[in-house]
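S.K.:
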Amino acid sequence: MKVAAVCGGVGGARFVRGVVDVVEPRDVTVVGNVGDDLEVLGMHVSPDLDSVLYALAGLSDEQRGWGRADETWAALGTVAALGGETWFLLGDRDLGVHLVRTQALRDGEPLSAVTRRLAERLGVETALLPATDDRLRTFVATPAGEFPFQEWFVARGHRDEVDGIRFDGADAARPAPGVLEAIAGADLILLAPSNPYVSLGPILAVAEIRAALERRTVPCVAVSPLIGGRAVKGPADRMLTRLAGGTSPRQVAGCYAGLIDALVVDESDAHDLGGLGDVRPVVTRTLMRDADARRRLAEAALGAVRA
Ligand code: GDP
Ligand code: CA
221 MKVAAVCGGV GGARFVRGVV DVVEPRDVTV VGNVGDDLEV LGMHVSPDLD SVLYALAGLS
281 DEQRGWGRAD ETWAALGTVA ALGGETWFLL GDRDLGVHLV RTQALRDGEP LSAVTRRLAE
341 RLGVETALLP ATDDRLRTFV ATPAGEFPFQ EWFVARGHRD EVDGIRFDGA DAARPAPGVL
401 EAIAGADLIL LAPSNPYVSL GPILAVAEIR AALERRTVPC VAVSPLIGGR AVKGPADRML
461 TRLAGGTSPR QVAGCYAGLI DALVVDESDA HDLGGLGDVR PVVTRTLMRD ADARRRLAEA
521 ALGAVRA
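If you use the working numbering, the sequence shown corresponds to residues 221 to 527, in order.
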């Protein structure tokens, strides 16, 4: 069975780790978010691609929930001592990846090609594709003004309420090589439990990707990132409340109107399954606290359309 998984950062990365436990890793293609990418200290950082890369390579720091295990912070300490930019935390091991990526991009290599090379070097068999090789950046409109995504998310601690989201460059962005093929060749499409607005939104804003999902001939299953109407981490619940009017499964499904056939929701949200229309609810425990839980959630998502 071939699977295409559309995926953001940490929530998405946890989920795809479960998916490759139950499906042959080579048969999975991950389409990742680049709307969060940024230039920091002269380097091109792709936080969401790297979350997936580290997860699939077994290099993630599971306690901290982001970045690499056994990380050290000597370089950032030097940056701080020299009065450089330190708002975006970059560990030493992580920095090595950004150095190689940045040089490759400056030499004209597309992001998809350098991402493939990094994945191969780290022994990852699953294909990891950026949604696009073109410049696509998320901006967040708030009562305090519009901010580039990471300025709002990291520097301002995503405290400002969100009134709207803009994906700069999305109109001109083309899918990266392999993305449309992965969607067209999949037996099943999965939308990871990622933030619908700022993690999957930028991917779905690429018109050809959205169109490919709309005209799919195979099932597409989304997993809700909410448990009991609350995000496990991050601002997804606040964004849904303000932008969609609530945090029930129907508001999550509403973010994917026309794109999904089933929505996997947590048991704690099972009392509130109205308004889903054609979208079939699948109720299970969705907290991915360990490898077993990740695998069970992946099995539920894969099984959502078998029954
Ligand atoms: P980011 O780009 O690093 O913010 O990552 P994502 O957008 O991929 O993931 C963030 C989302 O993952 C949040 O909305 C969380 O609620 C969700 N999430 C994280 N862990 C879990 C989990 O164990 N279960 C579920 N259902 N969602 C989770
Ligand atoms: Ca992200």
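Think of the CB as a built atom: it goes at the ideal place given N, C-alpha and C, for glycine as much as any other residue. These figures come from a predicted structure and were not determined experimentally.
1. Identify the continuous beta strand (DSSP E) that holds glycine 459 and give its terminal residues.
2. Helix, strand or coil for threonine 335, going by three-state DSSP, please let me know.
3. Go ahead and label arginine 470 buried or exposed: buried means 16 or more other beta carbons lie within 10 angstroms of its beta carbon, across all protein chains shown.
4. Just to confirm, is the Cβ distance from lysine 453 to glycine 285 under 8 Å?
5. How long is the line joining the alpha carbons of alanine 390 and leucine 479, rounded to whole angstroms?
6. Figure out for me which residue from Ala347, Arg237 and Tyr476 has the closest Cα to the Cα of arginine 514.
7. Compare the beta carbon distance of isoleucine 423 and alanine 351 with 8 Å and say whether it is the shorter of the two.
8. Using beta-carbon positions only, say whether alanine 393 and valine 426 come within less than 8 Å of one another.
9. Could you give the distance in angstroms between the alpha-carbon of proline 439 and the alpha-carbon of valine 525?
10. If you compare alpha carbons, which of Gly465, Asn253 and Val503 is closest to leucine 349?
11. Let me confirm a value: glycine 465 is counted as buried when at least 16 other C-beta atoms fall within 10 Å, else exposed. Which label applies?
12. Pick helix, strand or coil for isoleucine 385, following the three-state DSSP scheme.
13. Any chance the CB of proline 395 is under 7 Å from a heavy atom of ligand 2?
M.R.: Looking at the coordinates:
1. What sits at residue 459 in the sequence shown is methionine, not glycine. Unbroken run through methionine 459 is the alpha helix (DSSP H), 456-464; no beta strand (DSSP E).
2. helix
3. buried
4. yes
5. Looking at the backbone, the Cα of alanine 390 and that of leucine 479 are separated by about 18 Å.
6. For arginine 514, the nearest C-alpha among the options comes from Arg237.
7. yes
8. Yes. Within cutoff.
9. 7 Å
10. Asn253
11. exposed
12. strand
13. no
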